[in-house]
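Remarks on the structure that follows.
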C-alpha cells in the first residue's frame, strides 16, 4: 500500500513550471524500444488531459491548473509497453496529491443563529453551538476554523464565551438577567487557519433570547389597605389590589395569586385575579353582620402562579399585607326569627284560647321588636287573631267540624309585622295542626272529646306530635315547638312509662357494677398472671428494665464518637473545588480571558484578575495565574490533577500544532509537585503570558527557578551557566538528570551529581496511582523530583527532525516536558516543534509522550508503552546561533 | 525494474533532484 503520495502539485497554481513532475523508466529500455503510457483520472478519464506523458522519455507533465476541492488526488497508472503493445512491466501507480491552498473561506450554515437561555443559568452553561464549514482540505490548517466573539449587544459586560474550536457558546457567568436585558446579539467570526492573520474569515450573528425564570417576588402596590363595607350586602368589587412583579408579563412567573393568611374565617371574602392586569378584586361573597363584627382585619399574602426559581427560593418570605375592613351598620328593622311557628289545636280549645305568641325580633338590637304592629295576613277560615301590640295569638272561636273539613286538618296562615316608621313589613308563618281525633264526626267527636279530656296519654301523644312537627320546621322551631309542647303538657301530670322506668333501673345497675368490673380488669398485665392490678414498686424505676436487660448502656465514649462530619469553616473553598477538565481561551473585546470550565461560577472580575495577576506561585496560598482554582484543588487533594494536565497539554499542543504565523514565545506552564507517601502537598503554578502588551513586572517576584523558566519562555536572555560537561549533548537521558547545584523543589528524592555546574533543574516525583487518575509517569531520568515546563511557540519554526546543540555555550537549562495521554484522535503534528529561544542559552528539552493512542507524525516512532516502562520520545538541544545538527533520537 | 522518479521541489539552489518512489508497507 502506498502510504504517501509520490508527487504533489498545488491547486490553483500553474504547476507547469515544475514539469516534469515525475518520470518513469523501465530497465527494458536498455535493449528495446519502450513506450511509456499513462491512464486514469485526469488523463483518459474526466477531467481529461491534466497529465500527459512523453512516451519516449517517460516524463510526466501537468498541463492545467487543478482544484483540490474537485479532485483531491490523482492516481496515474504507468505502463511500459513494447512495440507490440505488450506490457513489459507490472503497472505502477503514481499518486499525485493536490496540495491545498486556502482558497475557501469558512461558511456558516446560517447567517443568524437563534438561541435561548434561561436567566440565572450557571456559568458555562451551553447556549448554542454554531456551525461553519470550510471546503479546504480537512484536518488541515486551511480548514481549521477558530471562532471568536467580535461584538456583543448590549455591550455592557460580556456574558458569553465561545469555544474556539467547537463553537459552543456558553454563559460566562450566572448573571444573566432577563429583567435587565432580554436579548443579546453576538457577532461571531470564524477564521480558518485556526484564526491566523492569513486566514479567511466569515461572520455570523447570534441572537440569544434570555428566557424568564421566576426570580422576582411579587408584591402589592400598597403596603396596606383600608376599606369599609355595609353589613348584609354582597359586593363584587370591594377593592382592587394591583400586584407588581418584574418577571415576564402574562407568564406564570408574573401572574400573582393572592391568598388570605388570616381574617377570613367566616369565608365572607373572596379574591378574583385578573390575569391580564394582575389586579386582584376583593369580593364580599357572604354578608357581614355589623352587630356581630364591627371591624375585622384581613391579612393577605401574594405569590406567583409558578414556583419560585431556586435562586430566590430562600429569599421568599411570606409577607402579610393588612386590609382593614370596617363594617357599616344598616338599619335592618324587624324580622320573624324563626320565620314560622307551629301550634296544635284540639276541639277542646274554645273561643279566645291563647295559643301562644309570635313576636318579631329587632335585628338592630337583637331584642323583641317594640316598634311594629302585628296584623293577620292570610288567615284561612278566620281561625285565629293576633294582638296588634303583643303578638299573642288567640283562637277566635272553637274550631268546628266544618272548619276542620275545610282546612283538612291543617292551617297555614301569615302574620305581618309592620314598622310604620321604617315602612317595612316582615311576614311570619303560623302553622296549626288540628288534632284529627277531635273532629271525626259528631258522635265520635263526643267520645273523643271525653277521652281527650280524660286520657293523659293522649296529651302525651299530642306533645310528641308537636315535637315532631317542630323538628320538621327547623332547629329553632324545634326549640319553640318544644316550648309550646311543654306549655301544653304542663297542664297534665308528668309520669314515666314502663320503658322509662326500666331504663332508669338499668342505669343504676350499670353504675353499681363499675367498681366490680374494675377489680377484675387486667389493665395490661401479663396474661396468665392473674387479673389484678400490679403494685408499683417503691423504687422510682418501677417496671422499667435496666440497661443490662435491654442491651449495653451506651458508654460516654461511644456517644462522643457519634458526631456529624466536620465542615470546614470556609465553605467557599469547597465550592471552588471544581474540575478543570476543559481549558479554553476566548479573546473578548481585546481582552484575553480564560475559562476553566467545569461548570464553576467565575465572575468576569475574577477572569480579568486571573489574567492580570498571574504571578508568584506560592504553595497553596497565592493565586497563580489562570490556574488559581486548580491550584487550590490540587493543594487540597495533595496531588496533581492529571485530567487537567492532560487537558492542558493536549489542548496547547493542538492549538499550536499547525500554526505558523508569527507569535511571541510567551506561554509557559510551570509545575512543581512533590508527591508520594509522607511528602508534603505539591503545587501547581502557571504563567500564561498572552498578548503583546505584556507587563512582566511580576516576574521580579518569582522565585529563581521560575523566573528562569519564565524568561526562557519569553525568549529573554538568561544568565549563562558554566559548561557542565564536554560530552554535551547527552547520548542518553541520564546525562541530563542529576546536576550539581540543582535546587530541587520540596523534599523529594533528588540525586545530585557533582559533575555538573549550576543548572536549573525543575523536578517532579511520581504520581501515586489512584482510580480515575492517570498512571504514574515512569521517569527514565531516575531522579526523584522533576518539574514540568511546557513551552510552545510558533516563532521560528524548527522542523521536528532538527536536533540543535552547541556545547560551546556553558549555560544550560534542562526543561522537561511531558505530554500525558493525548486525546484520542488528536493530531499531534507539530507539537514537538521547539521555540526559537532568541539569543538564549542552551536548552535541553525532553519531551515524552505516554500512551498516545492517536495519530502521530510518521517521523516519530513511539515504542509500545506496554512493553517498556519508560518512553522517551524526543530530546533536543537547541542553540539558535549554531548550525542545525543532530537528529531525532528516540530512547526506548 | 520499473521505477517512478518524482521531482524534489525543496531544493534551494534550483537544481532538479529526483527521488525514486518506492512502495512501502503501512
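Protein chains in written order, with my numbering: chain W, 1 to 892; chain L, 1001 to 1026. Just so it is clear, CB atoms sit at the ideal spot from N, CA and C, and this is done for glycine as well. From a predicted model like this one, the values you see are computed outputs, not experimental measurements.
Listed along chain L are 1001, each with a C-beta nearer than 7 Å to that of residue 27 (chain W). Apart from sequence neighbours up to five positions away, the residues of its chain that approach residue 28 (chain W) with a beta-carbon distance below 8 Å are 34, 80, 82, 88, 89, ordered along the chain.
Residue environment for residue 25 (chain W): buried (at least 16 other C-beta atoms within 10 angstroms of its C-beta). At the C-beta level, residue 151 (chain W) and residue 96 (chain W) stay beyond 7 Å of one another. Among the residues facing chain L, residue 146 (chain W) is not included, as its CB has no counterpart in that chain under 7 Å away.
Here residue 376 (chain W) is not near residue 305 (chain W), since their CB atoms are 7 Å or more apart.
Listed as beta-bridge partners of residue 93 (chain W) by DSSP are W:77.
DSSP places residue 405 (chain W) inside the alpha helix (DSSP H), whose first and last residues are 401-407. Here residue 325 (chain W) is buried: its Cβ has 16 or more other Cβ atoms, across all protein chains shown, within 10 Å. Between residue 263 (chain W) and residue 299 (chain W), the C-beta spacing is below 7 Å. The Cβ atoms of residue 241 (chain W) and residue 220 (chain W) lie closer than 7 Å to each other.
Between residue 169 (chain W) and residue 115 (chain W), the beta carbon gap of about 7 Å places them in contact (Cβ cut-off 8 Å). The continuous stretches of alpha helix (DSSP H) do not include residue 43 (chain W), and DSSP gives it neither H nor E. Within the same chain, Cβ atoms closer than 6 Å to the Cβ of residue 329 (chain W) are found at 290, the five residues on either side in sequence being excluded. The Cβ atoms of residue 284 (chain W) and residue 327 (chain W) do not sit closer than 7 Å to each other. Close to residue 167 (chain W), with beta-carbon spacing below 7 Å, lies no residue of chain L; the smallest spacing is near 34 Å. Proximity to residue 122 (chain W) across W:157, W:176, W:180 peaks at W:176, based on C-alpha coordinates.
Any Cβ of chain L closer than 7 Å to the Cβ of residue 50 (chain W) would place that residue at the interface, and such an atom is absent.
Within 9 Å of the CB of residue 23 (chain W), the CB atoms of chain L belong to 1004, 1005, 1006, 1007, 1018, in sequence order along the chain. Going by DSSP, residue 244 (chain W) is part of no alpha helix (DSSP H) but of the beta strand (DSSP E) stretching over 235-244.
For residue 89 (chain W), the chain L residues whose Cβ falls inside 7 Å of its Cβ are 1002, in order along the chain. According to DSSP, residue 207 (chain W) shares a beta bridge with W:114, W:185.
With 16 or more other Cβ atoms from the protein chains shown falling within 10 Å of its own Cβ, residue 218 (chain W) counts as buried.
Look at the region 113-179 of chain W and you find these whole runs of beta strand (DSSP E), each 3 residues long or longer: 126-129, 146-153, 160-162, 168-171.
For the C-beta of residue 114 (chain W), not a single chain L residue is nearer than 9 Å; the gap to the nearest is close to 46 Å.
Put simply, the backbone Cα of residue 78 (chain W) is about 29 Å away from that of residue 136 (chain W). For the pair residue 430 (chain W) and residue 341 (chain W), the CB atoms are nearer than the 7 Å cut-off. Annotation: residue 234 (chain W) to residue 288 (chain W) spans about 8 Å, alpha carbon to alpha carbon. Residue burial is scored here from C-beta neighbours: residue 331 (chain W) has fewer than 16 other C-beta atoms within 10 angstroms and is therefore classed as exposed.
CA-to-CA, the gap between residue 131 (chain W) and residue 10 (chain W) works out to about 28 Å. Under a 10 Å Cβ-count criterion, residue 68 (chain W) is classified as buried, with 16 or more other Cβ atoms of the shown protein chains found around its own Cβ. Using a CB distance cut-off of 7 Å, residue 201 (chain W) does not count as an interface residue toward chain L. For residue 376 (chain W), the uninterrupted beta strand (DSSP E) run begins and ends at 372-376, by DSSP. When C-alpha distances from residue 159 (chain W) are compared across W:202, W:189, W:118, the shortest belongs to W:118.
If you draw a straight line from the Cα of residue 57 (chain W) to the Cα of residue 36 (chain W), it comes to about 8 Å.
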